[in-house]
């Protein structure tokens, strides 16, 4: 027999009060678990979503530049003049410590050309990398190969060109070129671009081996984009690598704020449950003053009496924590998708944390009842009548 | 025989508002090792208070209590708890067993608190009181006499030097009470037994009967 035996037997005798205490703890813990699980899924979902949005680092030469837009997002600046990056330098990106997180490096060369007497922006790309970076681009036709151009929807309309048409670009010489396809409107700057294979563009613009910028897609669910940018700048000293995950970070900050508010509510719930546990245990101490008096009379020390009460709180916290985790996870899986349109998976790593928090709260709640138990005078409670 | 318990000038008073009520007044008593002492007196005379002070459950307002010549007031809390566990065994009128624990577990309580190995001591103590067949029964499943025998086994299990019994037959019928008394008498050869009782008949096996009234010892009858 041990103190655990006595405590467990005593707890099972007071089933209704035990259930009340467990319910109180379980509700609070389930709120805590559900909030954590749902917001974790929301964050994961946001990162997954963000991973479809193209680059999260833009590399450009350190220079005076003009703003460059990609979609509705400011993604960096456009280098002008002779400020170009050597295309071969990009290979150094694959030497950084976080190279395993680099998924795509898409070089770009911008320049101005003349078509039918009209100035147009020519964009040179690596079709393979670009297609991986912008999987949402819908093309009527094909990505541009050698001697081909992909037209943004606006310029295609202006030039009245479509897939298979042949036209002439005028720079330092005349280039006859075939339209490989027309990019469906994206609402971004590329709607006005003529998009060409990078090496063709370098030839047309007389910038052999040079690029204006490179967009980098780092796989970054919780990986440090800023750190990757810093490492790229370390490997390529002449460039500036800027993280462009501000939008995602903004949304993450919004989620974090919402999560903080929800956690504050969960914390209040936990505190209320702690008070319920304390109240239930105080009532239990009042119910068993005689038993405690008997134990003190037959030699229980203050430490042993305190241990029994604290153990009772710990057991309630442990069981309540497990029940709360299960209930909270189920609730998160049921309601999470409605709130954040995310698939919610159980966070098993959360279980030990939840149990520890629950046990600590209940042990704190047991402190007052334990003090009350120590005040019990065996002479008073064992007085025979 | 050596001195087991010595009370010198023991007074116990309680403050009730502005009034102080004295339950025990300048009580002097010396109990020798192996003695069987009965304490008699009317209700409210201070018998139980005297027993509680002897059993270290209560402390005197003034005066000294010595166990084997050692002043309890000068003992540490740990030493006092140790005496409660190993020197003194209590038997109460209302048995005072823990209802959720079995007979064996109730008997084992003092050993558990003292961190002693149970071994066969619990079974031996219950066998001594004739309840070896009721080890796993809870108090609610036992008769009054059986419950008191479990309480006696609990008092004996640590092999204490002193057994303090507060009207141990008070809640039992006459026949069962006689059984309990003979059980206490049988163990009194090995321990110092102090028994509070209302019944003159129960005192016949005692070595001395202490008569107490209004908190004062008014007489001692040697038997």
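Residue numbers (my numbering), protein chains in the order written: chain A, 2 to 386; chain B, 598 to 820.
All C-beta atoms in this analysis are idealised placements derived from N, C-alpha and C, irrespective of residue type, glycine included.
Taking the CB atoms as reference points, tell me whether residue i and residue j lie closer together than 8 Å.
{"i": "residue 259 of chain A", "j": "residue 38 of chain A", "result": "no"}
{"i": "residue 306 of chain A", "j": "residue 293 of chain A", "result": "yes"}
{"i": "residue 304 of chain A", "j": "residue 363 of chain A", "result": "no"}
{"i": "residue 218 of chain A", "j": "residue 117 of chain A", "result": "no"}
{"i": "residue 692 of chain B", "j": "residue 803 of chain B", "result": "no"}
{"i": "residue 643 of chain B", "j": "residue 812 of chain B", "result": "yes"}
{"i": "residue 799 of chain B", "j": "residue 766 of chain B", "result": "yes"}
{"i": "residue 775 of chain B", "j": "residue 688 of chain B", "result": "no"}
{"i": "residue 628 of chain B", "j": "residue 601 of chain B", "result": "yes"}
{"i": "residue 664 of chain B", "j": "residue 646 of chain B", "result": "no"}
{"i": "residue 300 of chain A", "j": "residue 42 of chain A", "result": "no"}
{"i": "residue 182 of chain A", "j": "residue 209 of chain A", "result": "no"}
{"i": "residue 226 of chain A", "j": "residue 244 of chain A", "result": "yes"}
{"i": "residue 757 of chain B", "j": "residue 784 of chain B", "result": "no"}
{"i": "residue 755 of chain B", "j": "residue 708 of chain B", "result": "yes"}
{"i": "residue 134 of chain A", "j": "residue 211 of chain A", "result": "no"}
{"i": "residue 814 of chain B", "j": "residue 654 of chain B", "result": "no"}
{"i": "residue 233 of chain A", "j": "residue 59 of chain A", "result": "no"}
{"i": "residue 744 of chain B", "j": "residue 736 of chain B", "result": "yes"}
Taking the alpha carbon of residue i as the reference point, which residue from the options has its own alpha carbon closest?
{"i": "residue 170 of chain A", "options": "A/105, A/27, A/126, A/197", "result": "A/197"}
{"i": "residue 99 of chain A", "options": "A/231, A/380, A/298, A/302", "result": "A/231"}
{"i": "residue 761 of chain B", "options": "B/600, B/681, B/685", "result": "B/685"}
{"i": "residue 271 of chain A", "options": "A/19, A/127, A/31, A/378", "result": "A/31"}
{"i": "residue 215 of chain A", "options": "A/209, A/242, A/352, A/308", "result": "A/242"}
{"i": "residue 273 of chain A", "options": "A/384, A/133, A/162, A/365", "result": "A/365"}
{"i": "residue 36 of chain A", "options": "A/190, A/183, A/267", "result": "A/267"}
{"i": "residue 599 of chain B", "options": "B/622, B/631, B/623", "result": "B/631"}
{"i": "residue 4 of chain A", "options": "B/639, B/702, B/656, B/626", "result": "B/702"}
{"i": "residue 22 of chain A", "options": "A/211, A/143, A/315", "result": "A/315"}
{"i": "residue 101 of chain A", "options": "A/334, A/297, A/229", "result": "A/229"}
{"i": "residue 191 of chain A", "options": "A/46, A/167, A/156, A/178", "result": "A/156"}
{"i": "residue 361 of chain A", "options": "A/373, A/327, A/311, A/88", "result": "A/311"}
{"i": "residue 596 of chain B", "options": "B/755, B/808, B/740", "result": "The structure shown has nothing for residue 596 of chain B, since chain B only spans 598 to 820."}
{"i": "residue 153 of chain A", "options": "A/308, A/2, A/367, A/193", "result": "A/193"}
By the three-class DSSP mapping on this structure, what secondary structure does residue i have?
{"i": "residue 733 of chain B", "result": "coil"}
{"i": "residue 108 of chain A", "result": "strand"}
{"i": "residue 142 of chain A", "result": "strand"}
{"i": "residue 668 of chain B", "result": "strand"}
{"i": "residue 689 of chain B", "result": "coil"}
{"i": "residue 127 of chain A", "result": "coil"}
{"i": "residue 217 of chain A", "result": "strand"}
{"i": "residue 795 of chain B", "result": "coil"}
{"i": "residue 1 of chain A", "result": "No answer is possible for residue 1 of chain A: it lies beyond the span of chain A, which begins at 2 and ends at 386."}
{"i": "residue 754 of chain B", "result": "coil"}
{"i": "residue 293 of chain A", "result": "helix"}
{"i": "residue 608 of chain B", "result": "strand"}
{"i": "residue 801 of chain B", "result": "coil"}
{"i": "residue 619 of chain B", "result": "strand"}
{"i": "residue 624 of chain B", "result": "strand"}
{"i": "residue 386 of chain A", "result": "Only weak support exists for where residue 386 of chain A lies, its pLDDT of 43 falling under 50; the coordinates are left without a value."}
{"i": "residue 44 of chain A", "result": "helix"}
{"i": "residue 368 of chain A", "result": "helix"}
{"i": "residue 699 of chain B", "result": "coil"}
{"i": "residue 683 of chain B", "result": "helix"}
By DSSP's criteria, residue i is part of a beta bridge. Which residues make up the other side?
{"i": "residue 319 of chain A", "result": "DSSP output for residue 319 of chain A lists no bridge partner at all."}
{"i": "residue 167 of chain A", "result": "A/179"}
{"i": "residue 197 of chain A", "result": "A/125, A/150"}
{"i": "residue 62 of chain A", "result": "A/240"}
{"i": "residue 212 of chain A", "result": "A/86"}
{"i": "residue 113 of chain A", "result": "A/122"}
{"i": "residue 808 of chain B", "result": "B/637, B/816"}
{"i": "residue 659 of chain B", "result": "B/608"}
{"i": "residue 629 of chain B", "result": "B/600"}
{"i": "residue 613 of chain B", "result": "B/616"}
{"i": "residue 789 of chain B", "result": "B/759"}
{"i": "residue 184 of chain A", "result": "A/140, A/153"}
{"i": "residue 103 of chain A", "result": "A/219"}
Let me check you understand the geometry: is the CB of residue i closer than 7 Å to at least one non-hydrogen atom of the ligand NAD?
{"i": "residue 384 of chain A", "result": "This structure simply doesn't include the ligand NAD, nor any ligand for that matter."}
* **Three-pair Cβ contact test at 8 Å for the segment 666 to 682 of chain B versus the segment 691 to 706 of chain B** => no
* Asked: Below 8 Å, can you find three or more Cβ-Cβ pairs linking the segment 202 to 211 of chain A to the segment 114 to 126 of chain A?
  -> yes
* **Stretch pair the segment 4 to 24 of chain A + the segment 279 to 295 of chain A: three plus CB contacts closer than 8 Å** => yes
* To do: For the segment 92 to 108 of chain A and the segment 141 to 154 of chain A, state whether three or more C-beta atom pairs, one from each stretch, are separated by less than 8 Å.
  => no
* Asked: Does the segment 375 to 382 of chain A come close enough to the segment 341 to 355 of chain A to have 3 or more Cβ pairs within less than 8 Å?
  -> no
* Touch check for the segment 281 to 289 of chain A and the segment 652 to 668 of chain B: three-plus C-beta pairs under 8 Å? -> Taking a contact to require three or more Cβ pairs closer than 8 Å, the segment 281 to 289 of chain A and the segment 652 to 668 of chain B do not qualify as touching.
* Inter-stretch contact at 8 Å, needing at least 3 Cβ pairs: the segment 715 to 729 of chain B / the segment 18 to 31 of chain A -> Fewer than three Cβ pairs drawn from the segment 715 to 729 of chain B and the segment 18 to 31 of chain A lie within less than 8 Å of each other, which leaves the two stretches out of contact.
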